[in-house]
């Protein structure tokens, strides 16, 4: 019987240990990506060194305007996907040189490139103004090709932007006409011709053909080039539509690695990889990739990319919720094991006592049984200590997730401030209202009893009633943010668009209605719904 009990304990512990044995099927690919991310700063230093070298050449007084124009072109190629503001300044310097030389051709090249830069950054109004000021009859061959490419990308990206914003646009926008001109007037083995051809297949949803053709193109490209990174990203997009999930992630990882090695800050692949990490075990890695993508977008400083990454926040909240649910399940398993171990220990102790009473034959035998019992007890105490430590780790992990969520909410506040400066008031107000609604819904999903738990801390007269529709009012939002670790009135005021004094007054009003212990009222709010060690 003793041997059976010990075997049962070992079997249970082995089963629980399997909870932590999860390994992603693409673990080797993720390790390769993480290794490149660890070297990211070195790649950035190499990029900065190249930029500094060209800037050093530009500082020379012996250069002609034409030579400076050419060096600015080299500098632009280094900065176009690295830092938006710097790339814009470079093109403005080229425009100034072209104006000084009164050279229409040089001016055309700079303005077309600037329109493409603005399009990529989502500055569609500014790009359209540049398109309108150009006289296409003065273009040379390369300027025409660049013009066709800029126009087709502008129309494509703008249509995609307004489609996702819920705005209806005319269907007669002739993107295909510009694409046809590019396909007709560029060499079939050129990167631009390849890219436009693949985009045409994607638009026509000819996925199998797009897969094989793009794979052929990728195999002939330089793996350190920007074109290689772009086509790898689109290969992942094609695989996603072919429902090849693992291959999708493989190609996006390949694209992300190429972006990292080239210090490309205007990127999309890493964020796409993060969104594909839907398993709760991968939440930490997904958070890390999203954070790196967000840092890159902030460094690059183009409006569109930051908005696109911000749109992933609802997914982040869901991933956090799934991860928390998994942790709770793990804790339940550990608790079950503890109870079963205790039960088995009781059986062992009962059996030992009975055996002791029946076999009082000699002092040596009694001593041997006592030693055996002591060994069992120490073993169980060791198991319980391990379980206690594991439980503490889970509590700390839960607190860390709440801190991440609070951090992302603070980032949202910063992006909303930037959106307020760029969007019309009516559209901004709509975005703000949607943000609050999303926050209320997500928070109540995470803490469904928060309102009841908060009111339990208040007097009957001071209890807060939820507004019609089941969403939070201002007081509840303030204390919901405090629950998530955002405690400074200035940060709360920034998120909720109130003055600091107003937030302070709301907090004081609710604290004054506390049943007891007003000094620790907000600390008690933070403990609502939290796992305890």
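Residue numbers (the working numbering): 26 to 558.
Glycine included, C-beta positions come from ideal geometry on N, C-alpha and C.
Residue i in three-state terms, based on DSSP
i           : result
residue 549 : helix
residue 10  : Here the chain covers residues 26 to 558 and nothing more, so residue 10 does not appear.
residue 597 : Because the chain in this structure spans residues 26 to 558, residue 597 falls outside the shown range and cannot be described.
residue 448 : coil
residue 302 : coil
residue 483 : strand
residue 90  : helix
residue 164 : coil
residue 250 : coil
residue 288 : coil
residue 501 : helix
residue 259 : helix
residue 455 : helix
residue 442 : helix
residue 269 : coil
residue 509 : coil
residue 327 : coil
residue 229 : coil
residue 532 : helix
residue 544 : helix
residue 525 : helix
residue 200 : helix
residue 491 : coil
residue 215 : coil
residue 385 : coil
residue 293 : coil
residue 474 : coil
residue 365 : helix
residue 51  : coil
residue 208 : helix
residue 496 : coil
Rounded Cβ spacing between residue i and residue j (contact assumed at less than 8 Å)
i           : j           : result
residue 317 : residue 298 : The Cβ separation is near 10 Å, so there is no contact.
residue 326 : residue 109 : 5 Å
residue 243 : residue 253 : 7 Å
residue 218 : residue 208 : 6 Å
residue 334 : residue 296 : 6 Å
residue 115 : residue 97  : 5 Å
residue 61  : residue 373 : Contact flag wrong, Cβ pair sits at about 53 Å.
residue 546 : residue 482 : 7 Å
residue 164 : residue 133 : 6 Å
Exposure label - residue i; buried when at least 16 CB within 10 Å
i           : result
residue 196 : Low confidence applies here, because residue 196 scores a pLDDT of 43, under 50, leaving its location unreliable; read the following figure in that light. With fewer than 16 Cβ atoms within 10 Å of its Cβ, residue 196 is classed as exposed.
residue 188 : exposed
residue 245 : exposed
residue 442 : exposed
residue 396 : exposed
residue 129 : exposed
residue 180 : buried
residue 174 : buried
residue 383 : exposed
residue 490 : exposed
residue 375 : exposed
residue 166 : exposed
residue 178 : buried
residue 260 : buried
residue 484 : exposed
residue 120 : buried
residue 292 : buried
residue 458 : exposed
residue 279 : buried
residue 389 : exposed
residue 59  : exposed
residue 204 : buried
Exercise. Can at least three beta-carbon pairs, one atom from the segment 302–310 and one from the segment 122–130, be found at a separation below 8 Å?
Worked result: no
Exercise. So does the segment 134–146 actually touch the segment 155–162, counting three or more Cβ pairs closer than 8 Å?
Worked result: yes
For this session: Could you tell me whether the segment 220–228 touches the segment 236–247, where touching means 3 or more Cβ pairs closer than 8 Å?
Result: A contact exists between the segment 220–228 and the segment 236–247.
Exercise. Should the segment 103–115 be called in touch with the segment 68–81, which here means at least 3 C-beta pairs below 8 Å?
Worked result: yes
Exercise. Would you call the segment 469–489 and the segment 514–523 touching, i.e. three or more CB-CB distances under 8 Å?
Worked result: no
Problem set entry | Contiguous beta strand (DSSP E) assignments of at least 3 residues, all confined to the segment 59–111 | none
Problem set entry | 3-residue-minimum beta strand (DSSP E) runs that sit fully inside the segment 120–194, ordered along the chain | none
Exercise. Would you call the segment 54–62 and the segment 75–86 in contact, with 3 or more CB pairs under 8 Å?
Worked result: no
Exercise. Are at least three pairs of beta-carbons, each pair with one atom in the segment 529–540 and one in the segment 461–473, less than 8 Å apart?
Worked result: no
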